[in-house]
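Colleague: Right, I'll just put the structure down here and ask away after.
Residue numbers (the working numbering): 1222 to 1499.
Below is the structure:
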C-alpha cells in the first residue's frame, strides 16, 4: 500500500516490486491526495472541478481510470523535464570536455618535450619556447643570452617549472570563467536566444583567448627569469667565556650556529639578536 504516487513511474514500480518477491500472490494500491505535489502542480484542478460538478464530499475516494490517466500524464511530464535537464547538462559538459582534451594534450606534449635531452632537437622544449617567442614578437637574442647565463640543467628545470605553473594557473581561471558563463547564459533565453548556442560560441572564443594568453605569458615569464646571486650567509657566532679571575675576564666572540631568536650562548638569558647578535 503506497501513500502517494512519485514523480517517476520507475519509483512506483520499484515499490511494487518490494511488496512481493518469489512470486507471492497479492496486489499493490496507491492512495493519492489532491494536495500532493504531483497532483497540485499537474492535475488537481481538473479533478477538483470534477468533484464540484458532481457535488462529491472532500473525503470521497475516486477510483476511476480518468484519475490514473492524469497521474500518469503528470509523471511523463516530470520525467521529460528531468530528461531534458540531464540532456542539457551533458551538452554543456561536452563543450568543456573538448577544452579539457586540447589542454591536456598540450600539457602532455610539454612534459614529453621536457624529457628530450638534446636541446637542439626540434622535439625539445627549447624549440617550443623559441617558436612561441617568435610568434609573440619577442627578442630571440634575449633568450639566447639567458641560456648563456644559466647552466643547461638549470635552464631546463626553470623552463619546465615556469611553463607548467603558467598554464595550470590560467587553466584554473578558465574553468572558473566557464562556470560563471554557464550561469550567465541562462538569462539570454529571455532575449529569445538559445543558452546552449551562446555558451558554445562564447566558450570557443574564451578558449581561443586562453591559448593566446598562455603563449604570451610563457614568453614574458621565460624572458624575465634572472639568476640571483646568493647573499653570503650571516656569520655564525659563538661565545667563549674566559676564565673567571683573569684580567681579561669577559666574553669573546667566535663563529657559532646560534639563530637570531635562540638564547644567547653567553648565558645572559636574552635572545641572541638582542645580545651579541646586534
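By construction, the Cβ of each residue, glycine as well, lies at the ideal position given by its N, Cα and C atoms. Values in this document were obtained by computation on a predicted structure and should not be read as measured data.
Whole-angstrom Cβ separation of residue 1324 and residue 1392, contact assumed at under 8 Å?
Modeller: Reading the chain shown from its first residue, position 103 is the one you call residue 1324. Reading the chain shown from its first residue, position 171 is the one you call residue 1392. About 6 Å separates the two Cβ atoms, so the contact holds.
Colleague: Between the C-alpha atoms of residue 1426 and residue 1435, what's the straight-line distance to the nearest angstrom?
Modeller: Stepping through the chain shown from its first residue, residue 1426 is reached at position 205. Stepping through the chain shown from its first residue, residue 1435 is reached at position 214. Residue 1426 and residue 1435: Cα-Cα distance of roughly 14 Å.
Colleague: Which class does residue 1275 belong to by DSSP, given the choice of helix, strand or coil?
Modeller: One-based indexing of the chain shown puts residue 1275 at position 54. Coil at residue 1275, not helix or strand.
Colleague: Using a threshold of 8 Å, state whether the C-beta atoms of residue 1253 and residue 1226 are closer than that.
Modeller: If you number the chain shown from 1, residue 1253 lands on position 32. If you number the chain shown from 1, residue 1226 lands on position 5. Yes. Within cutoff.
Colleague: Let me make sure I understand the geometry here. Which of 1406, 1349, 1403 has the alpha-carbon closest to that of residue 1443?
Modeller: Numbered from 1 along the chain shown, position 222 holds the residue referred to as residue 1443. For the residues 1406, 1349, 1403, the minimum Cα distance to residue 1443 belongs to 1349.
Colleague: Is residue 1224 helix, strand or coil when you go by DSSP?
Modeller: For the purposes of this step, residue 1224 is taken as the residue at position 3 of the chain shown. Coil.
Colleague: Apart from the five residues just before and just after residue 1307, which ones in its own chain have a Cβ nearer than 8 Å to its Cβ?
Modeller: What you label residue 1307 is simply residue 86 of the chain shown in a count that begins at 1. None.
Colleague: Please confirm if the stretch 1338 to 1353 is in contact with the stretch 1367 to 1385, defined as three or more CB-CB distances below 8 Å between the two stretches.
Modeller: Touching, yes.
Colleague: What is the DSSP secondary structure of residue 1416, counted as helix, strand or coil?
Modeller: Looking up residue 1416 in the chain shown gives position 195. Helix at residue 1416.
Colleague: Is the stretch 1403 to 1411 in contact with the stretch 1328 to 1342, if contact means three or more CB pairs nearer than 8 Å?
Modeller: Touching, no.
Colleague: Just to confirm the assignment, what range does the alpha helix (DSSP H) spanning residue 1238 have?
Modeller: Numbered from 1 along the chain shown, position 17 holds the residue referred to as residue 1238. Looking at the DSSP string, the run of the alpha helix (DSSP H) that includes residue 1238 is 1230 to 1240.
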